[in-house]
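Colleague: Have a look at this one before I ask anything.
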Amino acid sequence: MRLENPFTRRPYPDLCFPNGSYNMSAACWKFVTDAQGPFHSVKNNTYMPILMRHYPGGSSIGQLVHFGQLIIRGDGFYKYDYGVERNLELYGTVYPPAYNLTNVQSPMFIFYCKNDYQAHYKDVKKLAADLPGLAGIFLTPAETFNHLDIMYEEAAADLVYRRLIDQMTKYR
């Protein structure tokens with residue numbers, strides 16, 4: 020069974036890592052950082068060829084469309100927009116309703132960074148203000164750190180994981 024993304028399995032590694040190199044090409048590096056934000060220190064990391072074989076693994080077309088809808092609407096956190104007919108059927112309204120974040124009662128920890136192009140820090144702070152169960156919000160102490168660094172950055176343990184585990188142990 021192949022777990023790699025069949026659409027990106029060949030093009031990304033071949034374009035981004037010519038001749039099997041672990042050094043990412045300048046064009047590919049620009050593409051990735053334009054989409055994600057600046058990486059902390061992962062440019063020549065051995066994880067990048069693996070990441071690019073699966074990119075954008077873990078995401079569905081529906082998630083990407085919903086993310087696009089939220090960007091275009093730009094004024095809140097709304098449910099998926101299926102179009103007028105289906106929205107009326109599902110939600111009873113022409114437009115999708117906002118998520119009711121007051122229903123989120125479990126302790127929530129938010130870790131964010133100033134250079135994450137997927138979750139802008141102003142939006143993160145707005146989300147935090149709307150969560151009644153917010154137990155803490157933490158800025159990652161790195162000048163450069165992005166949405167993917169949480170998984171692939173070798174310094175993530177020091178920058179995020181240890182603090183996250185410390186916070187979680189308070190809520191056992």
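For the sequence shown, the working numbering assigns the number 20 to the initial residue and increments by one for each residue that follows.
Positions of the beta carbon are idealized from the N, C-alpha and C atoms, including for glycine.
1) Using 8 Å as the Cβ pair cut-off and three pairs as the minimum, do the stretch 111-125 and the stretch 146-159 touch?
2) On the three-state DSSP scale, how would you describe M43?
3) Nearest-angstrom Cα distance between E172 and V103?
4) List, from N- to C-terminal side, the alpha helix (DSSP H) runs of 4 residues or more that fit wholly inside the stretch 101-143.
5) Hey, how far is the Cα of R21 from the Cα of P116?
6) Report yes if the C-beta distance between G155 and Q124 is below 8 Å; otherwise report no.
7) What does G155 pair with, by DSSP beta-bridge criteria?
8) Near L167, which residues of its chain fall below 6 Å by C-beta distance, leaving aside the five closest residues on each side in sequence?
9) Considering only residues of the same chain and omitting the five flanking positions on each side of Y190, which have a CB-CB separation below 8 Å?
10) Let's see if you can read the secondary structure: which residues bound the alpha helix (DSSP H) around L83?
11) With DSSP collapsed to three states, give me the class of Y97.
Modeller: Inspection of the coordinates gives the following:
1) yes
2) Counted from its first residue, the sequence shown places residue 43 at position 24. Three-state DSSP puts M43 in coil, outside helix and strand.
3) Position 153 of the sequence shown, counted from the start, is the residue given in the question as residue 172. Position 84 of the sequence shown, counted from the start, is the residue given in the question as residue 103. Roughly 42 Å separates the two Cα atoms.
4) 103-110
5) Your numbering for residue 21 matches position 2 in the sequence shown. Your numbering for residue 116 matches position 97 in the sequence shown. For R21, the predicted structure reports a pLDDT of 44, less than 50, and the residue's modelled location is therefore unreliable. The matter cannot be settled from this model.
6) Your numbering for residue 155 matches position 136 in the sequence shown. Your numbering for residue 124 matches position 105 in the sequence shown. No, these two residues do not count as a Cβ contact at 8 Å.
7) Reading the sequence shown from its first residue, position 136 is the one you call residue 155. Per DSSP, F128.
8) For the purposes of this step, residue 167 is taken as the residue at position 148 of the sequence shown. Cβ within range, chain order: Q55.
9) Here the question's residue 190 lines up with position 171 in the sequence shown. P126, A154, listed in sequence order.
10) As a working mapping, residue 83 is identified with position 64 in the sequence shown. 80-92 is the span of the alpha helix (DSSP H), which, as asked, contains L83.
11) Along the sequence shown, read from residue 1 onward, the residue named residue 97 stands at position 78. Residue state, collapsed to three classes: strand.
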